[in-house]
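*Asks:* With the sequence shown counted from 1, adding 710 to any position gets you the working numbering.
From the three backbone atoms N, C-alpha and C, an ideal C-beta is built for every residue, glycine too.
Right, I'll just put the structure down here and ask away after.
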Amino acid sequence: MPTVTSKETRMYLKIRNVCGLLGVILPWIALFSAGIAERPSSEWWWSISCTYYQSPALVGVLVPACIVLIAYIGYNDMDNLVTSLSGLFGLGIVLFPCKVSWLASGTPVGFFQIPMEISHIIHTLCAAMFFLLIALNSIFLFTKSGAVMTDRKKLRNTIYRICGIGMIVLEICFVAARLVGAPGYTVMILEILLLHLFGFSWLVKGEAFPFLNDKEEAR
């Protein structure tokens, strides 16, 4: 990152931490708020996306996280492109809700009030691209460094790669679960793990864990 003032550095770190924290708390806020609302079906908790129909938590947490991603200024144009696209695909997740069993086929849903089945296809594509871009960002962009790489930077890079590769593996598991007809709640488990890896990666990048940070350099 170019040389910046201490105030600007703190601003960058705060933005990363906000984004990471929102990712970690999203599934739990969504589950809690939907759980205390009226339950239209026993399948209400089978995915975070399903809670959209019971509680504003998904929109209230994911939208700010996406705005942070879109507004985030990275190291270079590639960083900016990846994070901005991530934010746009994330907004697509809430603009185009998934289908649920308790609504009739063809029900108009979402911001654009399109049939639920069409909205679900767009929703799924947006979610897949969101997590794929976030994963690639963690693997290839967070791991960039200057000429000198400290031991702690090497450790952070290992964490970024584990988080990124883990997200890709979980996306593959998601597809496999659909193909083999795994229990519906499998989706919720995979989504929670995906969001925690996403959030943890950004929290590390935001220097939320002092024992992982380099004392001698501004990142």
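Can you look up F921 in the DSSP assignment and give me helix, strand or coil?
*Replies:* Reading the sequence shown from its first residue, position 211 is the one you call residue 921. F921 falls in the helix class under three-state DSSP.
*Asks:* Given that a residue counts as buried once 16 or more other Cβ atoms are within 10 Å of its Cβ, and exposed if not, what is V714?
*Replies:* Against the sequence shown, residue 714 aligns to sequence position 4. Because V714 carries a pLDDT of 47, less than 50, the predicted location of this residue cannot be relied on, and the following value inherits that uncertainty. That one is exposed.
*Asks:* If you follow the alpha helix (DSSP H) that T868 is part of, which residue opens it and which one closes it?
*Replies:* As a first step, residue 868 is located in the sequence shown; it is residue number 158 there, counting from the start. Element bounds for T868: D861 to V890.
*Asks:* Which residue marks the beginning of the alpha helix (DSSP H) containing K915, and which one marks its end?
*Replies:* Start at 1 with the first residue of the sequence shown, and residue 915 comes out as number 205. Segment Y895 to K915, the alpha helix (DSSP H) holding K915.
*Asks:* How about T860 and D789: do their beta carbons lie closer than 8 Å?
*Replies:* The residue given as residue 860 occupies position 150 in the sequence shown. The residue given as residue 789 occupies position 79 in the sequence shown. Going by C-beta atoms, T860 is not nearer than 8 Å to D789.
*Asks:* According to the Cβ coordinates, are G770 and L851 closer than 8 Å?
*Replies:* If you number the sequence shown from 1, residue 770 lands on position 60. If you number the sequence shown from 1, residue 851 lands on position 141. No, the Cβ-Cβ distance between G770 and L851 is not below 8 Å.
*Asks:* Let me know the secondary structure DSSP gives P737 once reduced to three states.
*Replies:* The count along the sequence shown starts at 1 and reaches residue 737 at position 27. It is helical.
*Asks:* What residue from C883, Y870 and S911 has the CA that sits closest to I899's CA?
*Replies:* By 1-based counting over the sequence shown, the position of residue 899 is 189. Closest by alpha carbon: C883.
*Asks:* In terms of alpha-carbon separation, which member of R749, L865, I777 and F921 lies closest to L813?
*Replies:* Sequence index remark: in the sequence shown, residue 813 carries index 103 (1-based). Of the listed residues, the one whose Cα sits closest to L813 is R749.
*Asks:* Rounded to a whole number of angstroms, what is the C-alpha to C-alpha distance between M826 and G800?
*Replies:* In the sequence shown, the residue the question calls residue 826 occupies position 116. In the sequence shown, the residue the question calls residue 800 occupies position 90. One C-alpha to the other measures close to 18 Å.
*Asks:* Looking at the structure shown, is V728 part of a helix, part of a strand, or coil, going by DSSP?
*Replies:* In the sequence shown, the residue the question calls residue 728 occupies position 18. Looking at V728 - three-state DSSP - the assignment turns out to be helix.
*Asks:* Can you find at least 3 beta carbon pairs, one from the region 816–833 and one from the region 857–872, that sit closer than 8 Å?
*Replies:* Three or more Cβ pairs closer than 8 Å define a contact, and the region 816–833 falls short of that threshold against the region 857–872.
*Asks:* If the criterion is Cβ atoms closer than 8 Å, does the pair P774 and L843 meet it?
*Replies:* Locating residue 774 in the sequence shown gives position 64, counting from the first residue. Locating residue 843 in the sequence shown gives position 133, counting from the first residue. Cβ atoms of P774 and L843: not closer than 8 Å.
*Asks:* Is it buried or exposed for A928, if we count other Cβ within 10 angstroms and need 16 for buried?
*Replies:* Counting from 1 along the sequence shown, the entry for residue 928 is found at position 218. Low local confidence applies: a pLDDT of 42 at A928 is under 50, so the model's placement there is unreliable, with the coordinate-based value given in what follows. A928 comes out exposed.
*Asks:* DSSP on V819, reduced to helix/strand/coil?
*Replies:* Counting from 1 along the sequence shown, the entry for residue 819 is found at position 109. When DSSP states are grouped into helix, strand and coil, V819 belongs to the strand group.
*Asks:* Rounded to the nearest angstrom, what separates F840 and T868 at their Cα positions?
*Replies:* Along the sequence shown, one-based indexing puts residue 840 at 130. Along the sequence shown, one-based indexing puts residue 868 at 158. One C-alpha to the other measures close to 22 Å.
*Asks:* What does the alpha-carbon distance come out to for the pair P893 and I758?
*Replies:* By one-based count along the sequence shown, residue 893 stands at place 183. By one-based count along the sequence shown, residue 758 stands at place 48. Approximately 15 Å between the Cα atoms of the pair.
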